[in-house]
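Protein chains in written order, with the UniProt record's numbering: chain A, 1 to 215; chain B, 1 to 215; chain C, 1 to 215; chain D, 1 to 215.
4 protein chains.
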Amino acid sequence: MSADARTDAKPSGRSSIRDPDNNRRALIAATLDTIAEIGITDTTVSKIIQRAGLSRGMIHLHFGGKNQLLAAAAKSFAEEYFTEMDKLVQQAGNDPESIVMAVVRADLGDVLMNERSTRIWHAFRGAANTNGSIALFSSTRDKRLRTTIHTAFKTIAKDYGDEDDSILARDATFGLLALLEGMWVDYLSNANEFSRDVATSIIRRFIKGLFPHHF
Amino acid sequence: MSADARTDAKPSGRSSIRDPDNNRRALIAATLDTIAEIGITDTTVSKIIQRAGLSRGMIHLHFGGKNQLLAAAAKSFAEEYFTEMDKLVQQAGNDPESIVMAVVRADLGDVLMNERSTRIWHAFRGAANTNGSIALFSSTRDKRLRTTIHTAFKTIAKDYGDEDDSILARDATFGLLALLEGMWVDYLSNANEFSRDVATSIIRRFIKGLFPHHF
Amino acid sequence: MSADARTDAKPSGRSSIRDPDNNRRALIAATLDTIAEIGITDTTVSKIIQRAGLSRGMIHLHFGGKNQLLAAAAKSFAEEYFTEMDKLVQQAGNDPESIVMAVVRADLGDVLMNERSTRIWHAFRGAANTNGSIALFSSTRDKRLRTTIHTAFKTIAKDYGDEDDSILARDATFGLLALLEGMWVDYLSNANEFSRDVATSIIRRFIKGLFPHHF
Amino acid sequence: MSADARTDAKPSGRSSIRDPDNNRRALIAATLDTIAEIGITDTTVSKIIQRAGLSRGMIHLHFGGKNQLLAAAAKSFAEEYFTEMDKLVQQAGNDPESIVMAVVRADLGDVLMNERSTRIWHAFRGAANTNGSIALFSSTRDKRLRTTIHTAFKTIAKDYGDEDDSILARDATFGLLALLEGMWVDYLSNANEFSRDVATSIIRRFIKGLFPHHF
DNA sequence: AATGAATGAGCTTTCATTCAT
DNA sequence: GATGAATGAAAGCTCATTCAT
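Printed below as a string of structure tokens:
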């Protein structure tokens, strides 16, 4: 969208050749593709620029260095994830049960969970321990999801007055996020054998165990 | 033992001289510690030997190169995990319910799940996509656990005749492993806030949802 | 030429900056000089760059590695040899007798046969057995010379109808090349005692033995 | 011979296991074989001891270091050459013409000139420029041959009184050695196409050119 | 803004040599 | 005399970064 917006906003003659934003984006895309393909350890400046078809100096020109490019790529990756997640959740309506299942379906769907994504995700997570700027966006996924899910579960939990609502909602949130995380790991290890339907059904079973009148 | 034997024989200042196995172990330990501390990408031969207090050439003498040392470290790490896990599971007795909970408690206990372990674990997982010899031992954890848990759940599932036993056991296994995996991720992201008790109770809740007469 | 252009534009202290071709040539020259001085076994990247006054990375930037630089140096050395040889042979005219003697004088002259050349030549030959890319240019010298000489001898041999022309020309070619090769070895072993005139006269004697009406 | 002599001279119980001389010889043989196979540059201590099946320290124990082993190997190689050459020349009788041709046939025969020998020979020659102790034995071949041939040619030259005897003999000696040297180079470059008979006949032709009444 | 040749610190690896056994 | 684990200097090579153009 922003790309389209730029097109008519600044119709410069050679804008497509010298388009800083476009080059920035191309470098980030090349970085993510390279990480997915050969891992973060083997991702070098040379491989990134080769894939992007851009010049060596551009990484430092636009990002200030390789590490900052990696951080920008991590940020961009997280943003892509949430752009898609938000879109799918908004289509689900206001029913908390629908929202929770929309999150599950989105997170396990092929747009968000695929070989490229799971590889990039775990590559960044492996690097996050010792790279603060990557960690920032690496943990973001959990935090934003957590709020959405927790809110939905809190509403649902009100129907189960027997026990403390907040603990039930907390446990459900914590458990669901752990399950989703575990599914990504499983997909990563074994994309061929992984079944999105089985995964969805298992998660639903587990949630239903906490909320027998729903799901 | 051999170390003790040396002690009174010749109390040399340098403890690891002329003890190849000890040196091998020291290098692996230094490798795992370094990975835990600064990440796999920044783990260099120089940092490993410095930490181990051994010479540069020893890595190639004993392992044939850095990558093979990393693979040996991954294997060793997996073995340590299972040695401890097996010990704790065997103490649990033969009751399938006890076995499952023993696995959960072991996997979430501080001997197996701690900052060092979770960092190393995720570092290896991040590298496993593009490094076959690391991947080998990286996936081992899941496979061996899976069998133990699945066997226990199959026994338990027989008491729930209403539905297909094998699907129930499969779902329980798949779900539990995903949950445990997710817990490690959660611990990794913020060890300070993580509560082993809460994690255990959440997992028990989820399992109880599938097997209401147990757990 | 480009070097001249730079001269008045910006007389930078370091003459070879930003002139890739010049740097390539400088590295090859430094390589050949180093080989001549200390032998191919002791020729290291460090010694080459030190002599060239260039940076470490340049060898890999321009040649892809030390071995490829050695191969490029072998090629360059062979080319220099033939450039000079061709020049001297062309000055000799079309008379086959003159051509043969021009080859002999060129090959034994101080431009082509000197301490540097003979050392480099034998260093490369010693390495050629196990280094294909060096072997390629190492054998070139023989093959190109062979054709030139053989053509000349075939013409001369026609005047000696008593025996098979082709065998006579073949023997003369084979023998002359072996003699020249042997002279380079002799020069290498003993540059001080070596006399270009004596060598030339000996070769002439031998050829005259085959072609008594010539030489 | 010396090996046989030792056997009954000292019938020690474990003489074959701990036999310093035998180990020395084994190391030299392994060195020469390694040089023939992979070149002098790639000949390392590890490869030599592996081939010899002996221990690492033995090279320094018996020779004082790798370079001294190389020098000993060069010496041994030269000695083997002359042992065989002397044997064949002595069988030739006292006729100077026979002696010269015996030298030629020996030097071009498969016992002395073969792939192993020519490779080793040229490897040592390539290294001789910068390694004095190798050079010593490298040049030996020429010097001893030179005397034998020169003596024979001086006798023959007396029959050609027209010109200065000593110059004729000198030229013949110089030329023959250069030719033989050239033949080894030719054999080295392509052993498959090389014909010992053609080489012998060419050399004979050239010599006959100087001494028409002989050969 | 863009380029890519150049840099050199630092990487993994090799290797002759040492020395406790 | 013999061994081979251990050493560390030095090798070839990689790579993020710089900067003249």
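Backbone N, C-alpha and C fix where the C-beta goes; we use that ideal spot for every residue, glycine too.
Model, not experiment: these values are computed from the prediction.
Contact between A123 (chain B) and G209 (chain B) is ruled out by a C-beta separation of about 33 Å, above the 8 Å threshold. The residue among A:N192, A:R205 and A:H214 with its C-alpha nearest the C-alpha of N114 (chain A) is A:N192. Taking 7 Å as the CB threshold, D19 (chain C) stays off the interface with chain D. The beta carbon of W184 (chain C) sits closer than 7 Å to the beta carbons of M113, T118 and W121 from its chain, once the five residues preceding and following it are set aside; these are given in chain order.
Per the C-alpha coordinates, the member of B:I202, B:D197, B:H214 and B:A172 positioned closest to R205 (chain A) is B:A172. Listed in chain order, the positions of the stretch 42–57 of chain D with a beta carbon within less than 7 Å of a beta carbon of chain C are D42. By the C-beta density criterion, E79 (chain B) is exposed, having fewer than 16 other C-beta atoms within 10 angstroms. In summary, no residue of the stretch 84–108 of chain D has a CB separated from any CB of chain C by less than 9 Å. The residues A36, in chain order, have a CB closer than 6 Å to that of R116 (chain C) in the same chain once the five nearest residues on each side in sequence are set aside.
L69 (chain A) is a Cβ neighbour of I59 (chain A), given a cutoff of 7 Å. Residues of the same chain with a CB within less than 8 Å of the CB of D33 (chain B), apart from the 5 flanking positions on each side, are R51 and R116 in chain order. When the beta-carbon positions are compared, A72 (chain B) and F63 (chain B) come within less than 7 Å of each other.
The C-alpha of D42 (chain A) is placed about 41 Å away from the C-alpha of S201 (chain B).
When 7 Å is used as the limit between beta carbons, T147 (chain B) is near no residue of chain A, the shortest such separation being about 15 Å. Contact of D171 (chain A) with chain B by beta-carbon distance below 8 Å involves V198, S201, I202 and R205. Note on geometry: alpha-carbon atoms of V100 (chain D) and S46 (chain C) lie some 49 Å from one another.
The beta carbons of A178 (chain A) and A169 (chain A) sit about 15 Å from each other, so the pair does not count as a contact at 8 Å.
At a cut-off of 7 Å between C-beta atoms, M183 (chain D) counts as an interface residue with respect to chain C. Taking C-beta separations shorter than 7 Å and ignoring five residues to either side along the sequence, the partners of A135 (chain B) in its chain run A128, following chain order.
Under the three-state reduction of DSSP output, E193 (chain B) falls in the coil class, being neither helix nor strand.
F137 (chain B) sits in a helix when the DSSP states are folded into three classes. For N67 (chain D), the enclosing alpha helix (DSSP H) begins and ends at K66 to Q90. Taking M85 (chain D) as reference, the option from D:D95, D:P96, D:L108 and D:G65 with the minimal CA-CA separation is D:L108. If you draw a 10 Å sphere on the C-beta of G182 (chain B), you find 16 or more other C-beta atoms in it, and that means buried.
Against chain B, the beta carbon of K154 (chain A) has no neighbour under 7 Å; the closest one sits roughly 16 Å away. Put simply, of C:T155, C:I28 and C:L145 the residue whose alpha carbon is nearest the alpha carbon of H214 (chain C) is C:T155. Within the same chain, A152, I156, H214 and F215 come within 8 Å of E97 (chain D) by CB-CB distance, once the 5 residues on both sides are set aside.
Assigned with DSSP and collapsed to three states, T43 (chain C) falls in coil, not helix or strand. V104 (chain B) has its alpha-carbon roughly 13 Å from the corresponding atom of V111 (chain B). If you compare the alpha carbons of C:Y160, C:I167 and C:D159 with that of H150 (chain C), the shortest gap goes to C:I167. Taking the Cα of I28 (chain B) as reference, the smallest distance to any Cα among B:N67, B:S76 and B:P20 is reached at B:S76.
An exposed status is given to D159 (chain A), since fewer than 16 other beta-carbon atoms sit within 10 Å of its beta-carbon.
Residue-level contact check: F174 (chain B) touches chain A, since one or more beta carbons of chain A fall below 7 Å from its beta carbon. For R125 (chain A), the neighbours in chain B by C-beta distance under 7 Å run, in chain order, H122 and G126.
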